[in-house]
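Chemist: Sequences listed follow chains A and B, in order.
Under the numbering used here, the very last position in the first sequence is 727; numbers go up by exactly one each time.
Under the numbering used here, the very last position in the second sequence is 529; numbers go up by exactly one each time.
Think of the CB as a built atom: it goes at the ideal place given N, C-alpha and C, for glycine as much as any other residue.
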Amino acid sequence: MGSEITHLVYRSVMRTQERKDKYNLNEEEELTHFGQSLAEMEKMTDVIDSGSDTEENGLLSAELTASHFGGGGGGGLLRKKNTGDEDEEHKPKSRQELIEELILKSKQEKRERQIQKEEAHVLTEKLDQEWRSIQNLLSRKTTKPEQKDLPEKTKIHSLCQMFPDAACKVMQTLLSDSAHSMEETLEVRGRAAMPDLDMDGKWNLKDEEEEEESEKKAEDDEAEDEEAQDDDVESEDEEDDDAEDGHSDLQSDEGSEDDEDDEDQACDEEELSVKVTPAVNEEKMTTEAIAELPYTFTAPDTYTDLKNLLQGHSCDEQRLIVDRTVKCTHPSLCAGNKAKLQKVFGFLLEYVGELATQNPPQLKTINALIPQIHSLCQMFPDAACKVMQTLLSDSAHSMEETLEVRGRAAMPDLDMLVYLKITALLFPTSDFRHPVSTPAFLYISQTLTKCSVVSLEDVCRGLVLCCLAVEFVSLSQRFFPEMLNFLLGLLHLAVPEKTNTGYVLVSPFRQQGRNCDLLVVKDSSASLSWSRKPVSLCTAHRNTLDTPLERDHYRLSIIDACLDLVKRCTTLYTDLTSYSLIFQPIRTLLLEHLPAKSYPAEIQDVQKEIVEAISANPSQHAPLVFKKKKPIPLKLFTPKIVQILDYGKKRGDTKEEKERERLKHKYKREFKGALREIRKDSRFLAHEKLSDIISRDTERKRKVKELYGSLSTQEGEWKALKRKKGK
Amino acid sequence: MAPSRDSNVKRGDTGENSQISYKKAINAKSERVLQNRKHANDIFDVIEYLQSDKEKEIICASNACGKIFCELFERGELYVGQLPSEDEIVQGDRSAKEKYHIFMRHRYNNCVELLLENIGHNVFQVKESSLCAVMKFVSAEGKHPLQNLDWSEHYSFPRELILALVEHLLSEKEDMSLLISRFQEFLEMDDVRYYFMSSVRDNITRVMERNKGAVISVYQNNVFTLLSSINIPSQASEMTNFLVKQESKHEDWKAARLKEHKRAYEQMWLVFLKYKLPGSMYKKILVILHESIMPQMSDPTLMIDFLTAAYDIGGAISLLALNGLFVLIHKHNLDYPDFYKKLYNLLEPTIFHVKYRARFFHLANIFLSSTHLPVYLVAAFVKRLARLALTAPPTALLIVLPFICNLIRRHPSCRVVIHRPSAAEEPCDDPYVMEEEDPAKCHALESSLWEIQTLQKHYHPDVAKAAKLINDPLSESEDDISKLLELSTFELMQRELKAERKTIPLEFDTATELLKSSKEVLGVHFSLE
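Have a look at this one:
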């Protein structure tokens with residue numbers, strides 16, 4: 001037994017010596033506990049500190065020696081006891097305790113979750129009950145047969161109606177934490193319930209919510225929808241409203257609610273939304289007279305796809321389809337959606353162009369699609385800008401080519417006019433320079449100077465362009481000479497006597513010749529039956545006026561519009577120095593050549609107003625002088641103040657670049673600092689560990705020496721006793 | 001062309017047969033004619049094909065005739081000299097050989113007549129083959145003249161044939177431009193060209209006299225196409241390409257001398273321009289006048305009458321005449337009274353809208369580049385251009401504004417029109433009289449360029465910027481306007497589209513309807529119904 005002990009002791013001593021020899025003993029993998037690597041243990045639980053572990057190890061060997069050499073030296077025993085006490089104080093918890101604690105914790109969590117689920121269930125039950133009580137009322141009120149077909153759906157809607165904030169929160173949770181709720185569903189139902197369908201349903205609900213957020217005009221449109229659509233859509237719209245309400249509530253209540261509630265309702269809603277999808281499918285099956293639109297659409301990849309999607313629907317339906325398509329492919333849902341939607345914008349505009357050139361033009365549908373186009377443009381200004389630019393430049397290019405070949409080009413068709421109008425709706429036309437508006441200006445200029453006017457349709461198109469031109473400059477009051485030239489030319493078309501005019505016409509109009517009497521009213525009695533009303537925009541595409549009387553009315557309307565535009569221009573350009581020079585030709589025409597006497601009184605009034613607005617004598621102006629130069633400041637010896645940056649070199653020109661450079665620099669520095677800190681920490685730790693081990697080893701050495709000493713004294717005593725005995 | 005097979009197989013068959021048969025017949029007959037004099041009468045059949053209804057037969061026959069008669073020319077089997085009438089052959093006592101020659105010569109004349117008639121055929125292939133056949137005859141006849149000529153004095157060239165050809169080529173009823181462009185190949189030969197030019201001259205005189213100088217646009221168009229396709233080599237050494245080689249005294253031959261060519265060219269043009277021309281013809285001529293016609297003339301100053309007349313017509317024609325006048329003034333030392341006054345009066349609002357705008361401003365820039373011009377004149381130009389700029393499109397404004405600035409830079413005393421510190425702050429009327437034709441009396445120098453100030457509010461950013469230059473003293477160096485001259489609206493647009501933009505500003509107002517916005521004008525006058 002003794003030899004065994006000595007052997008053990010020897011081994012432990014040897015090991016420490018070996019360790020000492022090794023310089024990098026801290027990195028060694030030798031630290032084990034119960035044969036397991038300490039590194040592994042560390043991974044499992046952070047609670048068990050590595051330091052305490054080594055202590056334990058050391059302690060164990062000390063205890064072992066102490067117990068084995070039990071009643072040896074009194075001093076040794078005493079010391080042993082002391083160290084034991086110390087250790088117990090140092091060590092916070094045993095491993096077993098820790099594990100027990102963990103288990104406890106997880107159990108508690110599980111219990112909590114269980115409670116949450118129960119609560120959720122109770123809440124659902126409550127909601128259902130409340131719903132049922134109201135459903136009866138509702139069903140009594142609206143005794144439509146469809147009601148039965150879609151109870152689940154309406155259920156959600158009404159639920160949302162009744163508990164708007166809850167519904168909203170549910171949506172939020174659903175969307176922000178869908179993965180988690182999937183897990184929950186798994187636990188609750190014990191199966192993974194077709195995630196696609198679930199998510200679809202959710203997106204639907206979310207979409208409708210977003211619709212509300214994005215469109216301010218919802219109320220108006222919804223009002224119309226309610227009339228136009230079946231009551232299903234109606235209820236959906238109601239839900240939309242509620243969703244919006246819920247949103248506002250959410251913002252106020254957000255802090256007060258507990259997270260648990262959210263989760264409950266998440267599960268809740270999950271179940272509900274699952275029910276929605278089959279309902280929708282059922283609706284598809286029904287061959288009811290009212291066409292029901294599906295709630296999800298895949299974004300079309302080609303233009304024909306979009307056309308197939310939209311054709312054959314009413315304009316409101318088309319609006320809804322586009323709306324839903326956009327919502328279903330919201331960029332936040334999937335990585336590729338952004339590109340898809342950008343493409344959709346291009347297709348939409350192409351579709352608009354096609355609608356405008358159909359016979360008759362589907363302007364109502366275009367009108368219905370405008371909000372969607374607008375919102376898409378708000379989402380992707382760059383893509384929208386590109387698409388518009390291509391449309392404009394393509395058309396301008398083809399016009400340029402025909403101009404080169406034939407010398408004259410035809411007026412652009414209604415589609416380009418609609419595009420220009422959409423440009424004005426989407427982009428600001430008052431900017432000094434704008435990537436879309438400026439080309440649009442140039443396009444109008446090109447058409448107003450180069451396109452020949454040979455028919456009443458051309459006249460109408462030209463007038464539309466002039467209207468657009470006035471609209472474009474109405475805010476900025478910028479000077480548009482081509483437009484005024486064109487208006488003069490249009491009015492000239494209404495002048496019966498073309499010789500000896502006191503004004504000069506420029507391209508595309510001629511003083512006299514073919515097609516110069518397009519606006520001359522043939523029968524003066526037409527002015528008696530004429531009344532002022534807007535002209536149909538479709539006549540710019542194709543004129544369907546048959547009787548001479550209709551034609552004369554049309555002419556009068558155009559002259560009226562021309563005069564109104566001139567009037568607008570006179571007010572727009574009053575501040576220009578050459579105001580009277582600019583309007584002099586028009587004044588001459590109106591005063592001396594236009595047969596205003598034969599026109600209706602309304603038109604005559606406008607004419608008089610214009611003539612009054614343009615004075616015959618040009619106004620006086622001060623001669624031009626150069627701008628006064630700023631005096632060059634004297635050179636002063638004030639120090640040049642430079643912004644002090646938190647890094648040495650000044651890089652980057654623009655503000656954003658500077659900011660980026662600054663952040664980069666900051667990041668580098670922080671990173672370096674963190675590295676240094678980590679290194680310092682590890683060095684310190686290593687140092688601590690080393691000194692710890694050294695002190696423990698010296699301790700043990702001392703103890704062993706003591707043991708040897710006591711052993712030798714014992715032996716000596718024993719020998720002396722033996723000697724004594726022998727004696 | 002071929003009838004469809006199902007509907008009339010029979011006809012198709014017969015058609016094919018006849019196709020083969022007529023080719024065979026023509027070839028066989030022409031061979032027989034050439035083989036033996038006994039078959040001389042077969043030539044009638046071949047010539048008859050020239051009057052056929054089917055184009056292919058005519059083409060085939062034309063080629064055959066060309067071959068036959070060229071061969072006969074080679075053999076000398078055509079009668080040379082004054083041709084007795086066919087009736088005389090029977091009576092006169094001539095040898096059989098001579099009779100045969102006379103007979104063949106008559107057939108040749110018939111053939112030429114028919115070929116010339118075929119030049120007026122409505123199928124181009126027929127025209128082309130007839131033309132080629134006639135030209136073959138021209139070449140053959142040149143080598144083997146049909147008249148008894150005194151070799152020492154005359155040069156053999158079938159002028160009559162050429163004259164007849166010209167007459168048919170320059171049709172009064174039909175546009176022959178396609179055939180004329182085909183004919184250009186022959187005009188590269190120097191002798192053909194020379195005789196051709198003199199024939200054309202004669203032809204023009206005859207035709208125009210017959211019509212008493214009235215405009216015949218088809219004919220004149222044909223003449224113009226023909227004339228503009230004539231190119232005279234720039235150096236005498238380049239004249240080596242002849243259809244007919246003269247055996248002796250080649251150097252003295254008129255057709256071989258460049259000077260004679262130039263003279264003929266000049267006379268031809270002058271005769272053509274002497275008569276009244278259609279309006280569009282003026283433009284066509286003036287466009288090419290200075291660079292392709294005048295350098296080929298022996299004395300370009302002779303063009304002055306035409307140019308003055310054109311200059312007085314007004315409008316775009318005057319603009320174009322400027323170019324020719326400039327060449328004359330600049331290179332030929334011509335003095336043109338009141339040139340600047342006329343130039344001033346050319347400035348009309350339409351000047352910014354015509355096709356020849358770039359050319360005009362290019363020339364105007366040159367004309368006004370002289371620093372010896374009086375200040376009142378420059379000021380008048382500046383003011384008038386500024387006034388006209390009020391109706392100009394942006395592409396024109398981008399030329400005119402730097403142009404005006406350049407003028408003021410060149411003539412610093414003109415600066416008062418943009419900077420008049422003496423009378424500052426005192427409002428006054430514009431003293432400039434737009435209607436005054438004399439630049440000396442229009443009071444431009446007392447005026448200011450308020451028009452440019454107006455253009456500072458122009459919708460196009462570049463124009464507004466260019467107009468704003470007059471707010472500050474102008475820089476010393478002139479702007480280069482040559483790059484701007486050909487600028488089109490589309491190119492201007494392209495510039496805008498290519499510019500890189502970081503952010504795209506969007507409209508503040510939400511769009512809800514097509515015809516509904518805060519500044520709606522279109523919706524006031526138009527509805528969606």
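Between Leu-505 of chain B and Leu-442 of chain A, how many whole angstroms is the CB-CB distance? I'm expecting something under 8 angstroms.
Modeler: The residue labelled residue 505 of chain B in the question sits at position 505 within the second sequence. The residue labelled residue 442 of chain A in the question sits at position 442 within the first sequence. In the sequence on display, residue 505 of chain B carries Pro and not Leu. Actually they are not in contact, since the Cβ atoms of Pro-505 of chain B and Leu-442 of chain A sit about 18 angstroms apart, beyond 8 angstroms.
Chemist: In the DSSP output, what is Glu-513 of chain B paired with across the bridge?
Modeler: Position 513 of the second sequence, counting from 1, holds the residue named residue 513 of chain B. Glu-513 of chain B pairs with B:Lys-516.
Chemist: According to DSSP, is Ser-437 of chain A part of a helix, a strand, or is it coil?
Modeler: Here residue 437 of chain A corresponds to residue number 437 of the first sequence, with the count starting at 1. Here Ser-437 of chain A sits in helix by DSSP.
Chemist: My output table needs one value for Ser-30 of chain B: the three-state DSSP class, helix, strand or coil.
Modeler: By one-based count along the second sequence, residue 30 of chain B stands at place 30. Residue state, collapsed to three classes: helix.
Chemist: Where does Val-138 of chain B fall in DSSP's three states?
Modeler: Position 138 of the second sequence, counted from the start, is the residue given in the question as residue 138 of chain B. The answer is helix: DSSP assigns Val-138 of chain B an H, G or I state.
Chemist: Can you name, in chain order, every residue of its own chain whose Cβ lies under 7 angstroms from the Cβ of Pro-158 of chain B, other than the five neighbours on each side?
Modeler: Indexing the second sequence from 1 puts residue 158 of chain B at position 158. Excluding residues within five positions, the ones whose Cβ falls inside 7 angstroms are Val-138, Glu-141, Gly-142.
Chemist: Do you know offhand how far Pro-402 of chain B's Cα is from Ala-466 of chain B's?
Modeler: The residue labelled residue 402 of chain B in the question sits at position 402 within the second sequence. The residue labelled residue 466 of chain B in the question sits at position 466 within the second sequence. Going by the C-alpha atoms only, they are around 7 angstroms apart.
Chemist: Please state if the CB of Met-189 of chain B and the CB of Phe-242 of chain B are separated by a distance shorter than 8 angstroms.
Modeler: On the second sequence, position 242 is the one that residue 242 of chain B refers to. On the second sequence, position 189 is the one that residue 189 of chain B refers to. Result yes, Cβ atoms of Phe-242 of chain B and Met-189 of chain B sit closer than 8 angstroms.
Chemist: Does any residue of chain A bring its CB to less than 8 angstroms from the CB of Phe-360 of chain B?
Modeler: Indexing the second sequence from 1 puts residue 360 of chain B at position 360. No, because no Cβ of chain A sits closer than 8 angstroms to the Cβ of Phe-360 of chain B.
Chemist: Measuring only between beta-carbons, confirm whether Pro-461 of chain B sits less than 8 angstroms from chain D.
Modeler: The displayed structure is made up of protein chains A and B, and chain D is not among them.
Chemist: So Phe-224 of chain B packs on Leu-178 of chain B, CB below 8 angstroms; how close in whole Å?
Modeler: Within the second sequence, numbered from 1, the residue matching residue 224 of chain B stands at position 224. Within the second sequence, numbered from 1, the residue matching residue 178 of chain B stands at position 178. In fact, because the Cβ distance is near 15 angstroms, the residues do not count as touching under 8 angstroms.
Chemist: Using beta-carbon positions only, say whether Gly-589 of chain A and Leu-488 of chain A come within less than 8 angstroms of one another.
Modeler: Counting from 1 along the first sequence, the entry for residue 589 of chain A is found at position 589. Counting from 1 along the first sequence, the entry for residue 488 of chain A is found at position 488. Strictly speaking, residue 589 of chain A in this sequence is Leu, with Gly absent from that position. Yes, Cβ-Cβ distance for Leu-589 of chain A and Leu-488 of chain A is below 8 angstroms.
Chemist: Compare the C-beta of Leu-528 of chain B with all C-beta atoms of chain A and state if any pair is closer than 8 angstroms.
Modeler: Residue numbering aside, residue 528 of chain B sits at position 528 when the second sequence is read from its first letter. Taking Cβ atoms only, chain A reaches closer than 8 angstroms to Leu-528 of chain B, which makes this a yes.
Chemist: Under 8 angstroms between the Cβ atoms of Ala-440 of chain A and Leu-392 of chain A?
Modeler: Within the first sequence, residue 440 of chain A is the residue found at index 440, counting from 1. Within the first sequence, residue 392 of chain A is the residue found at index 392, counting from 1. Yes. Within cutoff.
Chemist: Taking buried to mean at least 16 other C-beta atoms within 10 Å of its own C-beta, is Pro-421 of chain B buried or exposed?
Modeler: Residue numbering aside, residue 421 of chain B sits at position 421 when the second sequence is read from its first letter. Pro-421 of chain B comes out exposed.
Chemist: Spell out the partners DSSP gives Ala-409 of chain A in its beta bridges.
Modeler: By 1-based counting over the first sequence, the position of residue 409 of chain A is 409. The partner list for Ala-409 of chain A (beta bridge, DSSP) reads A:Cys-451.
Chemist: What residues match up with Phe-526 of chain B in a beta bridge as DSSP calls it?
Modeler: The sequence position of residue 526 of chain B within the second sequence is 526, counting from 1. Partner(s): A:Val-535.
Chemist: On the CB-based measure, 16 or more other CB atoms within 10 Å of its CB, does Pro-435 of chain A come out buried or exposed?
Modeler: Against the first sequence, residue 435 of chain A aligns to sequence position 435. So Pro-435 of chain A counts as buried.
Chemist: Nearest by alpha-carbon distance to Arg-752 of chain A: which of A:Leu-475, A:Val-322, A:Asp-394 is it?
Modeler: With chain A running from 1 to 727 in the structure shown, residue 752 of chain A is simply not present.
Chemist: Quick one: using the 10 Å Cβ neighbour count with 16 as the cut-off for buried, is Arg-357 of chain B buried or exposed?
Modeler: Taking the second sequence and counting its residues from 1, the one referred to as residue 357 of chain B is at position 357. Buried: at least 16 other Cβ atoms inside 10 Å.
Chemist: DSSP three-state call for Phe-381 of chain B: helix, strand or coil?
Modeler: The count along the second sequence starts at 1 and reaches residue 381 of chain B at position 381. Helix at Phe-381 of chain B.
Chemist: Closest Cβ-Cβ distance between Ile-404 of chain B and chain A: below 8 angstroms?
Modeler: As a working note, residue 404 of chain B is residue 404 in the second sequence. Closer than 8 angstroms: no.
Chemist: Please classify Asp-552 of chain A as buried or exposed, where buried requires at least 16 other C-beta atoms within 10 Å of its C-beta.
Modeler: Sequence index remark: in the first sequence, residue 552 of chain A carries index 552 (1-based). The residue is buried, with at least 16 neighbouring Cβ atoms inside 10 Å.
Chemist: Would you mind telling me which residues of chain B sit closer than 8 angstroms to Tyr-742 of chain A, beta carbon to beta carbon, in chain order?
Modeler: The question about residue 742 of chain A has no answer here: the residues shown for chain A are numbered 1 through 727.
Chemist: Which residues of the stretch 607-619 of chain A have a Cβ closer than 9 angstroms to any Cβ of chain B? Give them in chain order.
Modeler: Against chain B - using a Cβ distance shorter than 9 angstroms - the residues of the stretch 607-619 of chain A are Asn-617, Pro-618, Ser-619.
Chemist: Would you mind sorting Gln-512 of chain A into buried or exposed? The rule is 16 or more other CB atoms within 10 Å of its CB.
Modeler: For the purposes of this step, residue 512 of chain A is taken as the residue at position 512 of the first sequence. With fewer than 16 other Cβ atoms within 10 Å, it is exposed.
Chemist: Report the three-state DSSP secondary structure of Glu-717 of chain A (helix, strand or coil).
Modeler: Working through the first sequence from its first residue, we reach residue 717 of chain A at position 717. Glu-717 of chain A falls in the helix class under three-state DSSP.
Chemist: Taking C-beta pairs closer than 9 angstroms, name the residues in chain A that Pro-431 of chain B reaches, listed in chain order.
Modeler: Taking the second sequence and counting its residues from 1, the one referred to as residue 431 of chain B is at position 431. Result: empty, since nearest Cβ-Cβ is about 10 angstroms, beyond 9 angstroms.
Chemist: If Thr-391 of chain B and Pro-618 of chain A are in contact, beta carbons under 8 angstroms, what's the gap, nearest whole angstrom?
Modeler: Taking the first residue of the second sequence as position 1, residue 391 of chain B is located at position 391. Taking the first residue of the first sequence as position 1, residue 618 of chain A is located at position 618. Not really, about 16 angstroms apart at Cβ, beyond 8 angstroms.
Chemist: For the stretch 474-508 of chain B, which residues have a CB atom closer than 8 angstroms to at least one CB atom of chain A, in sequence order?
Modeler: Answer in chain order: Ser-488, Thr-489, Phe-490, Leu-492, Met-493, Gln-494, Glu-496, Leu-497, Ala-499, Arg-501, Thr-503, Ile-504, Pro-505, Leu-506, Glu-507, Phe-508.
Chemist: Using a C-beta cutoff of 8 angstroms, does Ser-318 of chain B count as contacting chain A?
Modeler: In the second sequence, counting from the first residue as 1, residue 318 of chain B sits at position 318. Chain A contact via Cβ: absent.
Chemist: Given Leu-226 of chain B, which residues of its chain have a CB within under 6 angstroms of its CB, disregarding the five upstream and five downstream residues?
Modeler: As a working mapping, residue 226 of chain B is identified with position 226 in the second sequence. Ile-180, listed in sequence order.
Chemist: Less than 8 angstroms separating the beta-carbons of Asn-471 of chain B and Lys-635 of chain A?
Modeler: As a working note, residue 471 of chain B is residue 471 in the second sequence. As a working note, residue 635 of chain A is residue 635 in the first sequence. No, they are not a contact pair.
Chemist: Which bits of chain B does Asp-431 of chain A rub up against, with CB to CB less than 8 angstroms?
Modeler: Within the first sequence, residue 431 of chain A is the residue found at index 431, counting from 1. What Asp-431 of chain A touches in chain B: Pro-505.
Chemist: Cys-451 of chain A CB to nearest chain B CB: under 8 angstroms?
Modeler: Residue 451 of chain A sits at position 451 when you count from the first residue of the first sequence. It does not; no Cβ of chain B falls within 8 angstroms.
Chemist: Between Ser-578 of chain A and Trp-450 of chain B, how many whole angstroms is the CB-CB distance? I'm expecting something under 8 angstroms.
Modeler: Position 578 of the first sequence holds residue 578 of chain A. Position 450 of the second sequence holds residue 450 of chain B. That pair is a contact at about 6 angstroms.
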